[in-house]
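Take a look at the structure set out below.
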Amino acid sequence: MAGYVSIREVGPRDGLQNEAPIPTDAKVRLLDALSRTGVRRIEAVSFVHPRAIPQMADADEVWRRAQRVDGVRYSALVPNTRGAQRALAAGFTEIEVVVSASDTHNRRNVNRSTDESLDDIAELIDLLHGAGASAEVIVATSFGCPYEGDTDPARVAAIVDRVVRDGADRVAFGDTTGMGTPRRVRDLLTAVRDRNAEVPVLLHFHNTRGTALANLLTALELGVTEFDASVGGLGGCPYAPGASGNLATEEAVHMLHDMGIDTGIDLDALIEVAELAEELTGRSLPSGVLRAGPRSRLTALSA
C-alpha cells in the first residue's frame with residue numbers, strides 16, 4: 001500500500017462549475033483558502049466560453065487575483081485551442097483537456113464524435129508542448145454513460161492508446177455520473193495497464209451512488225496514488241439528476257490518514273474550508289466528515 005497519496009483539489013473548477021454562479025470574490029476566497037491547507041495540486045479554473053459554462057466566465061479575473069502559494073501546482077481545464085491559448089497566456093503550465101469515452105456524451109458535450117475530439121486533442125498536445133506546458137487527457141464517462149450505459153474498458157484502453165501515442169503526458173479517468181463500482185475500477189485499470197503500464201494515471205470519482213470511497217480504496221490497492229476530490233463534495237452533474245457531487249476531499253483525507261497514508265493536507269484546515277464552501281454556495285454540502293467531524297472528535301459529557 002502506498003505511503004503517500006496525491007490529492008488534486010477540484011472544487012474551484014469542477015465543483016463550482018456545477019453550482020449556481022457565485023461572485024468572483026467568493027471564488028478567490030475559496031481558492032486562496034484551499035492553497036493554505038497543504039494540498040499540493042489544485043485545478044483552479046476552466047477557460048471555456050461563458051455561454052457554455054457561465055460559472056467560469058470570470059476565470060481570467062479569478063486567476064489574476066489568486067494568491068499562489070509556493071509548492072502548490074495549479075492547473076486549468078480547456079475545451080479547445082482557444083481555451084488552451086488563454087490558459088497559456090495566463091501562465092498555466094499544467095493543462096487538462098477532456099474527451100468522453102461515450103460517443104453520445106461527447107456529442108452532447110462538445111457536438112462532435114469521440115474520434116473527432118481525439119483528432120483535435122492531438123493538435124492541442126502539440127500546441128501545449130510547443131509552449132512548454134504538459135497535457136493531461138481526462139477520459140470522461142470511463143465507467144458508464146447516462147445515455148449508452150456501461151462503458152467497455154477496452155474502449156477506454158483504446159482511447160488511452162491513441163492519446164499516449166499522440167504525446168499525452170498523463171491520463172485521468174472520470175466517473176462522470178457516479179456509475180463506477182470497485183469491480184468496474186478493477187476491470188478498467190487492468191485493461192489500461194495491459195497495454196500502457198507506464199502511463200501516469202489519476203482517477204476522478206463522483207459519489208452519486210455512495211461508492212466513491214470504495215472505488216478509491218480499490219484503485220489504491222491496485223497501485224494508483226493520484227486522485228481528484230472536491231472540498232465539501234462540491235459539484236454534481238447535469239446528466240445525473242440528484243447526483244451528490246464529487247468525492248469530498250475531507251472524506252478522502254480522513255480515510256487515508258486513518259490508514260497511515262500521508263497526503264500532506266491538514267484535515268482540520270480542510271474542514272474549515274469546507275465550511276467556507278458551504279457558506280459561499282449557500283447550501284448544505286453532502287460531506288459526512290463536514291457534518292460529523294473526524295472520528296477522533298469527542299463529545300463532551302453534559303454535567
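Residue numbers 1 to 303, in full-length UniProt numbering, belong to the letters of the sequence shown in order.
Note that beta-carbon positions come from the ideal geometry of N, C-alpha and C, so glycine has one too.
Quiz item: Under three-state DSSP, which class holds A154?
Solution: helix
Quiz item: What are the start and end residues of each continuous beta strand (DSSP E) run of 3 or more residues lying completely inside the segment 111-154, in chain order?
Solution: 134-140
Practice problem: Kindly indicate which three-state DSSP category N80 falls into: helix, strand or coil? | Solution: coil
Quiz item: From what residue to what residue does the alpha helix (DSSP H) around I271 run?
Solution: L267 to T281
Quiz prompt | Rounded Cβ spacing between R13 and S46 (contact assumed at less than 8 Å) | solution = 5 Å
Quiz item: Do you know offhand how far T211's Cα is from T177's?
Solution: 12 Å
Exercise. Take the Cβ of S296 as the centre, count every other Cβ of all protein chains shown within 10 Å, and call the residue buried at 16 or more, exposed below.
Key: exposed
Quiz item: If S287 and G235 are in contact, beta carbons under 8 Å, what's the gap, nearest whole angstrom?
Solution: About 12 Å; that fails the 8 Å criterion.
Self-check item: Segment limits, beta strand (DSSP E) that includes S46
Solution: DSSP places S46 inside the beta strand (DSSP E), whose first and last residues are R41 to S46.
Quiz item: By DSSP, does L285 sit in helix, in strand, or in coil?
Solution: Coil at L285, not helix or strand.
Quiz prompt | Cβ pair V192, V163 closer than 9 Å | solution = no
Quiz item: If you draw a straight line from the alpha carbon of V28 to that of D150, how long is it in whole angstroms?
Solution: So the alpha carbons of these two residues sit roughly 38 Å apart.
Quiz item: With a CB to CB cut of under 6 Å and the five nearest residues on each side skipped, what residues in its chain are close to P153?
Solution: Here the set comprises D187, L188 and A191.
Practice problem: Just the C-alpha distance for R40 and H257, rounded to the nearest angstrom, thanks. | Solution: Rounded to the nearest angstrom, the two C-alpha atoms are 16 Å apart.
Quiz item: Can you name the start and end residues of the beta strand (DSSP E) that V97 belongs to?
Solution: E94 to S100
Practice problem: Assign Q67 to buried or exposed, taking buried as 16 or more other Cβ atoms, counted over all protein chains shown, within 10 Å of its Cβ. | Solution: Counting the other CB atoms within 10 Å of its CB gives Q67 a total below 16, which places it among the exposed residues.
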